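Engineer: First the structure, which I've put down as structure tokens, then a few questions once you've had a look.
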Amino acid sequence: MQIKSQLNKIIKDSFKAIDTTPKSVTVSDATKPEFGDYQYNGAMALAKELKTNPREIATALANELQKHEIFSKVEVAGPGFINLTLNADFLAKNLPTALNERAGVGTREEPIKVVVDYSSPNMAKQMHVGHLRSTIIGDTIANLFEFLGDEVIRQNHIGDWGTQFGMLIAYFEENQKDIDAKLSDLEEFYKAAKKRFDESEEFATKSREYVVKLQGGDESCLRLWNAFIEKSLEHCQEVYDSLGVKLDKSNVKSESSYNDDLANVVAQLEESGVAKESQGAKCIFFEDSENPLIIQKQDGGFLYATTDLAAIKFRVQELGAKRICYVVDARQAGHFKQVFATAKKAGFANEDTLLEHIAFGMMLDKSGRPFKTRDGGTVKLIDLINEAVTRAKEVIKKNDEYSEEELENIARVIGIGSLKYADLSINRQSNYIFDWDKMLSLDGNTALYMQYAYARINSILRKAGEFEEIEPILGDDLERRLALKVLSLEDNLQKAYTEAMPHIITSYLYELATLFMRFYENNPILKDDVPNEVKNSRLVLAKATANTIKTGLGILGIDVLDRI
RNA sequence: GCACCCGUGGCUCAGCUGGAUAGAGCAUCUGAUUGCGGUUCAGAAGGUCACAGGUUCGAAUCCUGUCGGGUGUACCA
Numbered sequence: 001m002q003i004k005s006q007l008n009k010i011i012k013d014s015f016k017a018i019d020t021t022p023k024s025v026t027v028s029d030a031t032k033p034e035f036g037d038y039q040y041n042g043a044m045a046l047a048k049e050l051k052t053n054p055r056e057i058a059t060a061l062a063n064e065l066q067k068h069e070i071f072s073k074v075e076v077a078g079p080g081f082i083n084l085t086l087n088a089d090f091l092a093k094n095l096p097t098a099l100n101e102r103a104g105v106g107t108r109e110e111p112i113k114v115v116v117d118y119s120s121p122n123m124a125k126q127m128h129v130g131h132l133r134s135t136i137i138g139d140t141i142a143n144l145f146e147f148l149g150d151e152v153i154r155q156n157h158i159g160d161w162g163t164q165f166g167m168l169i170a171y172f173e174e175n176q177k178d179i180d181a182k183l184s185d186l187e188e189f190y191k192a193a194k195k196r197f198d199e200s201e202e203f204a205t206k207s208r209e210y211v212v213k214l215q216g217g218d219e220s221c222l223r224l225w226n227a228f229i230e231k232s233l234e235h236c237q238e239v240y241d242s243l244g245v246k247l248d249k250s251n252v253k254s255e256s257s258y259n260d261d262l263a264n265v266v267a268q269l270e271e272s273g274v275a276k277e278s279q280g281a282k283c284i285f286f287e288d289s290e291n292p293l294i295i296q297k298q299d300g301g302f303l304y305a306t307t308d309l310a311a312i313k314f315r316v317q318e319l320g321a322k323r324i325c326y327v328v329d330a331r332q333a334g335h336f337k338q339v340f341a342t343a344k345k346a347g348f349a350n351e352d353t354l355l356e357h358i359a360f361g362m363m364l365d366k367s368g369r370p371f372k373t374r375d376g377g378t379v380k381l382i383d384l385i386n387e388a389v390t391r392a393k394e395v396i397k398k399n400d401e402y403s404e405e406e407l408e409n410i411a412r413v414i415g416i417g418s419l420k421y422a423d424l425s426i427n428r429q430s431n432y433i434f435d436w437d438k439m440l441s442l443d444g445n446t447a448l449y450m451q452y453a454y455a456r457i458n459s460i461l462r463k464a465g466e467f468e469e470i471e472p473i474l475g476d477d478l479e480r481r482l483a484l485k486v487l488s489l490e491d492n493l494q495k496a497y498t499e500a501m502p503h504i505i506t507s508y509l510y511e512l513a514t515l516f517m518r519f520y521e522n523n524p525i526l527k528d529d530v531p532n533e534v535k536n537s538r539l540v541l542a543k544a545t546a547n548t549i550k551t552g553l554g555i556l557g558i559d560v561l562d563r564i
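So this is what it looks like as structure tokens:
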């Protein structure tokens, strides 16, 4: 359920009752438990504007707020803070909604169509760690939007049209063999071709000729090119499947698919006067930047920016997207700023189309340097994933007697979950320090802590057997706070939605799990001397917590286990 | 050179549309607890929020400057 928007509405109405109308009203979480559940600080700002006494406004408002049953306490504090405590009955009555399959979360009133552009591997090479963040963050954002009711179109904008393909074709022609054998290790093949390219001028020239032939639609080139893409996508799919990421062939919308429209894009930009010629190239200039966005080279070739503009046109005009999220490395901020500005200026996107660069920082190793293998090479994503599973297996192996199959399954859920959680739990905009030990730790804000909490609650529920799902009795403060936390899921998802920030969800879940542990420590559930009614009440709280954790992790693409 | 991002306890990070004594986790120290899965819980210690100004009743948060780190900067994607 959405609590904050209800409170905002009540505050607005109460303002009306005292003949005041602030521009906007936003309650925030109480900064301390002693202050209650929420606080409203707007009285001070309003008083400044109206040149009156903040304490007076706050008091008048508080008197109105007091009339609402939703609050058990409304207090004016300090210069004009209003501290709000919710009525335990209100929380108890609503708590059972958290037991349903959506953990009590509704859908947005006005869902929109959203394109989430993520992962975007390069077809000439294997996926490496550089693709991890885009893939994980993008998938989570798509899941979140979808969960809240938006119509989400996941797009994998694969790089399948660069000069590197001429190089691959040329190398293949030189070493004619069975294509499957050659491509079984795409990485090696690419490296070998690149080596030839760098060493031999003749080979390089030939490569460029092949690019032209390919783009001109030469049949044998196209056939080879198709085979490369096919093979490469298979590699990608393997990664997506092991990560549990919801991408497959149906989400592929390749760079090359915009090819036919590139000349139009340039022509339209020229006609509308948005683009100009400069030094033989077609460019768009900006007041706040010394460098233009180039959409066509001197030699007539099109660029990355041209494709991106064509993609925006397609997504807005053909797909009808209202919001487009590009989950791409922060280093491309400048590029996207220019592309977005151009798209709006040219009318490819509408004035109100949300074009967002969901930027993320680099992945660094423990010592703060770019994440590489020991010999300085790029780490293949599939290797990283496998290592995560192997390490997870080490962590759990010591405890119990699992069959090999069970162990593998559990290790997979934990390993992949940890890999994702570690990435998602920090603000995506900052660089991410990758640390195996921290990632797979049982302590702190980690996947394993969450999964463990879930398994533990499950164990209690299993032991309890059937019970009546009553409205809980929120006797002590911890029970009340836990209920409130459970019911705050939707507020947190909404916030994560607006800002496209997955770490808001992980922070919330961690607070929830911590609070549950405290509740559980102080409030016995299954002990003999617990009255039946209290037992049921606490079981409902436990079940609601488990369901909330499961739902939240589910949005992050992380599985839970009934037993660990 | 110019532009953008970042600088919060030993470490990893929250908080940033200005609000009350700057929050977590790890590591450190102390305590509880043979426990409904202690892979737990409670507590302590640890900060001039890079620095200097400014705006404000109020600044980690906004503005300016300085220093330090990163990134991007005309025909790659």
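Here the first sequence is numbered in our numbering, starting from 1 and rising by one per residue. In this text, a Cβ means the ideal position worked out from N, Cα and C, and glycines have one as well. Here the structure is a predicted model, which means the values were calculated and not measured.
First and last residue of the alpha helix (DSSP H) that includes T306?
Structural biologist: Segment 304-313, the alpha helix (DSSP H) holding T306.
Engineer: Measuring only the C-alpha atoms, how far is S134 from G557?
Structural biologist: Approximately 14 Å, taken between the alpha carbons.
Engineer: Taking 7 Å as the limit between beta carbons, can you name the residues of its chain near P54, skipping five residues before and five after?
Structural biologist: So the list reads A43, M44, A47, P79, G80, once near-sequence residues are dropped.
Engineer: Where do the ends of the alpha helix (DSSP H) carrying K295 lie?
Structural biologist: Here the sequence assigns Ile to residue 295, which means Lys is not the residue at that position. No alpha helix (DSSP H) contains I295, which is instead part of the beta strand (DSSP E) from 289-296.
Engineer: Just to confirm, is the Cβ distance from Y38 to L84 under 8 Å?
Structural biologist: Yes; because the gap between Cβ atoms is below 8 Å, this pair is in contact.
Engineer: Spell out a yes or no on whether the segment 531-542 and the segment 113-125 are touching, meaning 3 or more CB-CB pairs, one atom from each, closer than 8 Å.
Structural biologist: No, because fewer than three Cβ pairs between the segment 531-542 and the segment 113-125 fall closer than 8 Å, the two stretches do not touch.
Engineer: If you draw a straight line from the alpha carbon of E339 to that of A305, how long is it in whole angstroms?
Structural biologist: Residue identity check: residue 339 is Val in the sequence provided, not Glu. So the two alpha carbons sit approximately 7 Å from each other.
Engineer: Opposite S28 in the DSSP bridges: which residues?
Structural biologist: Bridge partners of S28: Q39.
Engineer: According to DSSP, is S220 helix, strand or coil?
Structural biologist: Three-state DSSP puts S220 in a helix.
Engineer: Considering R196, what are the terminal residues of the alpha helix (DSSP H) in which it resides?
Structural biologist: Where R196 is concerned, the enclosing alpha helix (DSSP H) stretches over 186-199.
Engineer: What residue range is occupied by the uninterrupted beta strand (DSSP E) comprising A359?
Structural biologist: Per DSSP, A359 belongs to the beta strand (DSSP E) from 354-360.
Engineer: Using the rule of at least 16 other Cβ atoms within 10 Å of the residue's Cβ for burial, across every protein chain shown, is E490 buried or exposed?
Structural biologist: So E490 ends up on the buried side.
Engineer: Taking the straight line between their C-alpha atoms, what separation do you get for F360 and R428?
Structural biologist: Taking the straight line joining both Cα atoms gives about 5 Å.
Engineer: Out of P111, L233, K337, E533, which one is the CA nearest neighbour of M127?
Structural biologist: Nearest of P111, L233, K337, E533 to M127, Cα basis: L233.
Engineer: Where does D329 sit, in a helix, a strand or coil, going by DSSP?
Structural biologist: In the structure shown, D329 sits in a strand (DSSP, three-state: E or B).
Engineer: Per DSSP, what are the beta-bridge partners of F81 in this structure?
Structural biologist: The partner list for F81 (beta bridge, DSSP) reads A77.
Engineer: Identify, in the order they occur along the chain, each residue of the same chain with its Cβ nearer than 6 Å to the Cβ of S459, setting aside the five sequence neighbours on each side.
Structural biologist: Excluding sequence neighbours, S459 sits near nothing in its chain.
Engineer: Does DSSP put L319 in a helix, a strand or coil?
Structural biologist: DSSP places L319 in coil when its eight states are reduced to three.
Engineer: Which one or two residues does DSSP pair with Q155 in a beta bridge?
Structural biologist: Q155 pairs with D117.
Engineer: At the level of alpha carbons, what is the spacing between A204 and V560?
Structural biologist: For A204 and V560, the distance between alpha carbons rounds to 51 Å.
Engineer: With DSSP as the reference, label I505 as helix, strand or coil.
Structural biologist: Reduced to three states, the DSSP call for I505 is helix.
Engineer: Figure out for me which residue from E468, I57, T506 has the closest Cα to the Cα of S418.
Structural biologist: Minimum Cα distance to S418 is reached at T506.
Engineer: Report the three-state DSSP secondary structure of M450 (helix, strand or coil).
Structural biologist: Correct three-state label for M450: helix.
Engineer: Bridge partners for N122 per DSSP, in chain order?
Structural biologist: For N122, which the question treats as bridged, DSSP gives the partners G159.
Engineer: Among L86, Q2, S256, which one has its Cα closest to the Cα of P33?
Structural biologist: The shortest Cα separation from P33 among L86, Q2, S256 belongs to L86.
Engineer: Sorted by chain position, which residues of the same chain lie with C-beta nearer than 6 Å to R563's C-beta, five sequence neighbours on each side aside?
Structural biologist: Excluding residues within five positions, the ones whose Cβ falls inside 6 Å are A455.
Engineer: Which stretch, first to last residue, makes up the beta strand (DSSP E) that contains F165?
Structural biologist: Counting along the chain, F165 falls outside any beta strand (DSSP E), though it belongs to the alpha helix (DSSP H) covering 164-174.
Engineer: Can you say whether L512 is buried or exposed, counting buried as having 16 or more other CB atoms within 10 angstroms of its CB?
Structural biologist: It counts as buried.
Engineer: In this structure, what does DSSP give as the bridge partners for E209?
Structural biologist: In DSSP, E209 forms no bridge with anything.
Engineer: Please name the residue in N156, F228, A311, P292 whose C-alpha comes closest to that of Y258.
Structural biologist: Nearest C-alpha to Y258: A311.
Engineer: Just mark K527 as buried or exposed, buried being the case when its beta carbon has 16 or more other beta carbons within 10 Å.
Structural biologist: The residue is exposed, with fewer than 16 neighbouring Cβ atoms inside 10 Å.
Engineer: Which residues does DSSP pair with I433 in a beta bridge?
Structural biologist: Partner(s): L364.
Engineer: Does the count of Cβ pairs from the segment 58-68 and the segment 102-117 closer than 8 Å reach three?
Structural biologist: Because the criterion of three Cβ pairs below 8 Å is not met, the segment 58-68 and the segment 102-117 do not touch.
Engineer: Compare the beta carbon distance of Y326 and I358 with 8 Å and say whether it is the shorter of the two.
Structural biologist: Contact: yes.
Engineer: My output table needs one value for I18: the three-state DSSP class, helix, strand or coil.
Structural biologist: The answer is coil: DSSP assigns I18 none of H, G, I, E or B.
Engineer: Distance check for G376 and S24, CA to CA, integer angstroms please.
Structural biologist: Using only the alpha carbons, I get a separation of about 53 Å.
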